[in-house]
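Reading through the structure tokens given below for one structure.
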Amino acid sequence: MTLTVKDLRDAEPRDKQYKLTDRDGLYVLVHPNGGKYFRYDYRFGGKRKTLALGTFPETSLRQARDALHEAKQQVKSGIDPALSRRIEKAGLTKNTFEAIAVEFLGQHEHEWSETHYVRVKRMLEADVIPWLGNRPVSALTAPEVLEVLRRIEKRGALESAARTKQIIGQVLRYAIATGRAERDVAADLRGALKAPTHGSFAAIAEDPEKLGKLLRDIDNYKGSFVLRMTLAMQPFVFARPGNLVSMMWDDIDLNERLWALDATKMKMRRPHIIPLCSQAIDILEEIRPLTGSSPYVFASEYGTGNKHICRESPGAALRRMGYLGIQTMHGFRATGMSLLRKAQFPKDMIDRQLSHAKNNTKDPYDRWTQYPERQVMMQYWGDFLERIKKQ
Numbered sequence: 001m002t003l004t005v006k007d008l009r010d011a012e013p014r015d016k017q018y019k020l021t022d023r024d025g026l027y028v029l030v031h032p033n034g035g036k037y038f039r040y041d042y043r044f045g046g047k048r049k050t051l052a053l054g055t056f057p058e059t060s061l062r063q064a065r066d067a068l069h070e071a072k073q074q075v076k077s078g079i080d081p082a083l084s085r086r087i088e089k090a091g092l093t094k095n096t097f098e099a100i101a102v103e104f105l106g107q108h109e110h111e112w113s114e115t116h117y118v119r120v121k122r123m124l125e126a127d128v129i130p131w132l133g134n135r136p137v138s139a140l141t142a143p144e145v146l147e148v149l150r151r152i153e154k155r156g157a158l159e160s161a162a163r164t165k166q167i168i169g170q171v172l173r174y175a176i177a178t179g180r181a182e183r184d185v186a187a188d189l190r191g192a193l194k195a196p197t198h199g200s201f202a203a204i205a206e207d208p209e210k211l212g213k214l215l216r217d218i219d220n221y222k223g224s225f226v227l228r229m230t231l232a233m234q235p236f237v238f239a240r241p242g243n244l245v246s247m248m249w250d251d252i253d254l255n256e257r258l259w260a261l262d263a264t265k266m267k268m269r270r271p272h273i274i275p276l277c278s279q280a281i282d283i284l285e286e287i288r289p290l291t292g293s294s295p296y297v298f299a300s301e302y303g304t305g306n307k308h309i310c311r312e313s314p315g316a317a318l319r320r321m322g323y324l325g326i327q328t329m330h331g332f333r334a335t336g337m338s339l340l341r342k343a344q345f346p347k348d349m350i351d352r353q354l355s356h357a358k359n360n361t362k363d364p365y366d367r368w369t370q371y372p373e374r375q376v377m378m379q380y381w382g383d384f385l386e387r388i389k390k391q
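Numbering (the working numbering), first residue to last: 1 to 391.
This is the structure:
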């Protein structure tokens with residue numbers, strides 16, 4: 001089918017967005033709000049991508065087709081048109097921090113895991129580029145970079161500040177390698193940041209009364225439903241935050257009441273099985289009508305549902321609830337470890353539940369070690385949390 005201008009003018013919004021297909025891969029998304037968006041799907045570096053080509057009528061059908069032709073030529077030449085358009089659209093010169101950061105991300109997009117790539121990209125876009133994006137890297141100073149990092153520290157996110165400094169340094173070293181900077185000024189900030197307490201995250205470790213109040217506060221959270229469900233799930237599984245937000249329906253067995261993570265998703269690169277207590281199953285059943293069609297349990301409520309919520313969102317929600325310096329998402333792991341030890345569960349079993357086991361075995365059956373005992377422990381834990389929440 002070949003679209004006409006009349007087709008586009010006559011296209012009426014519906015309850016859900018729909019697609020009008022033009023020739024050569026060009027199509028128009030008609031949104032419920034009446035917006036009409038030119039789009040082109042393509043593959044680059046083995047991944048499917050979508051390129052925005054403007055909105056109708058601000059962009060004419062002829063202009064969209066011309067832009068499509070240019071994008072196809074770029075793909076044939078080994079250029080990612082989305083990356084190229086981002087630099088062009090922003091009017092960036094090639095020596096600004098943002099331009100180099102975009103190049104740096106493009107270089108690593110197919111080397112890093114998707115989770116790590118998205119995390120670094122969001123970190124740069126949220127905390128660095130708004131402040132340093134237009135600055136030529138050759139003119140950047142250490143105090144400018146420190147000012148950016150201090151803003152992150154003021155949120156209480158000391159680990160994030162340290163990680164952001166590392167990423168800025170990597171971008172600047174890329175600029176040095178490509179001849180656009182002479183030195184990494186982030187390296188001059190050694191010792192300037194507040195030191196995060198490695199291995200120790202804010203947690204209500206041994207106070208059931210305060211923990212019960214936190215659980216009630218989570219139940220009463222007034223923000224996003226998906227975010228509330230994410231917060232509610234963490235105390236029952238005490239997973240690493242990155243694993244939790246990227247939980248996939250394909251990894252959940254509701255009949256066997258377990259969550260199976262393969263080695264590629266685990267920090268220690270070992271497969272891991274997490275028994276799910278009845279309370280965790282209830283949360284999954286509650287959210288399934290909303291996100292069951294997405295790959296992700298905690299799917300983003302923006303876009304098509306093919307992405308999970310941001311790793312940092314649950315922690316930010318806890319801070320907004322008044323738990324800055326009191327409880328973090330990672331801190332639920334310390335809470336669980338402390339109170340289960342107090343309940344006389346064996347340390348090695350708790351360590352295995354936390355995927356802290358120090359052995360480096362590659363045996364695929366190792367994930368099942370102590371599994372029946374861990375099922376009992378996690379149901380005890382679920383019942384304990386339910387009880388203190390009601391007190």
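Using N, Cα and C, we set each Cβ at its ideal position, and we do this for glycine too.
Closer than 6 Å by C-beta to residue i: which residues in its own chain qualify, once you throw out the five before and the five after it? Chain order, please.
i      : result
TYR37  : LEU29, THR55
ASP287 : Here residue 287 turns out to be Ile, not Asp, going by the sequence shown. If we look at ILE287 and ignore the five residues flanking it on each side, its Cβ neighbours are MET229.
GLY106 : LEU83
ASP253 : none
ARG387 : none
MET1   : THR21
When you compare the CB positions of residue i and residue j, do they come within less than 8 Å of one another, or not?
i      : j      : result
ASP184 : LEU193 : no
LEU231 : PRO289 : no
LEU324 : MET377 : no
LEU53  : TYR40  : yes
VAL137 : PHE97  : yes
PRO13  : PRO32  : yes
ILE204 : GLN327 : yes
ALA161 : GLU153 : yes
LYS389 : LEU215 : yes
MET233 : ILE176 : no
PHE238 : TYR174 : no
ARG180 : ILE273 : no
HIS156 : ARG319 : Contrary to the premise, residue 156 reads as Gly rather than His in this sequence. Going by C-beta atoms, GLY156 is nearer than 8 Å to ARG319.
Just tell me which of the options has its CA closest to the CA of residue i.
i      : options                        : result
ASP22  : ASN33, LYS16, PRO13, LEU8      : LEU8
ARG62  : ASP24, LEU214, PRO32, LYS76    : ASP24
ILE167 : ILE129, ARG135, ILE204, GLY156 : ILE129
ASN255 : PRO275, VAL245, HIS308         : PRO275
TYR296 : GLY336, LYS342, ARG150, VAL245 : VAL245
MET329 : ARG122, CYS310, TRP259, GLY78  : CYS310
ARG333 : LEU354, HIS116, TYR174         : LEU354
Return the chain-ordered list of same chain residues with a C-beta closer than 7 Å to the C-beta of residue i, the five sequence neighbours on each side being excluded.
i      : result
GLY382 : PHE236, CYS277, SER278, GLN279, ALA280
GLY292 : TRP249
SER200 : Any reading at SER200 must be qualified, since the residue scores a pLDDT of 49, below 50, and its modelled position is unreliable; the value itself is stated next. Nothing meets the Cβ criterion.
ALA64  : LEU26, PHE38, LEU53, GLY54
MET349 : GLN370, GLU373, ARG374, MET377
LYS267 : Any answer about LYS267 is weak, because its pLDDT of 45 lies below 50 and its placement is not dependable; what the coordinates show is given next. Hits under 7 Å: ARG240.
LYS211 : With the sequence shown as reference, residue 211 is identified as Leu, and Lys is not the correct amino acid for it. Closer than 7 Å at Cβ, skipping near neighbours: ILE204, THR335, ILE388.
Report, in whole angstroms, the separation of the C-beta atoms of residue i and residue j, which I expect to be a contact under 8 Å.
i      : j      : result
LEU189 : LYS165 : 6 Å
Sorted by chain position, which residues of the same chain lie with C-beta nearer than 8 Å to residue i's C-beta, five sequence neighbours on each side aside?
i      : result
LYS49  : ASP41, TYR42, ARG43, ASP80, ALA82
GLU70  : PRO81
VAL5   : SER60, LEU61
ARG163 : MET123
Evaluate contact between the segment 297 to 312 and the segment 221 to 230, counting only Cβ atoms and requiring at least three cross-stretch pairs below 8 Å. yes
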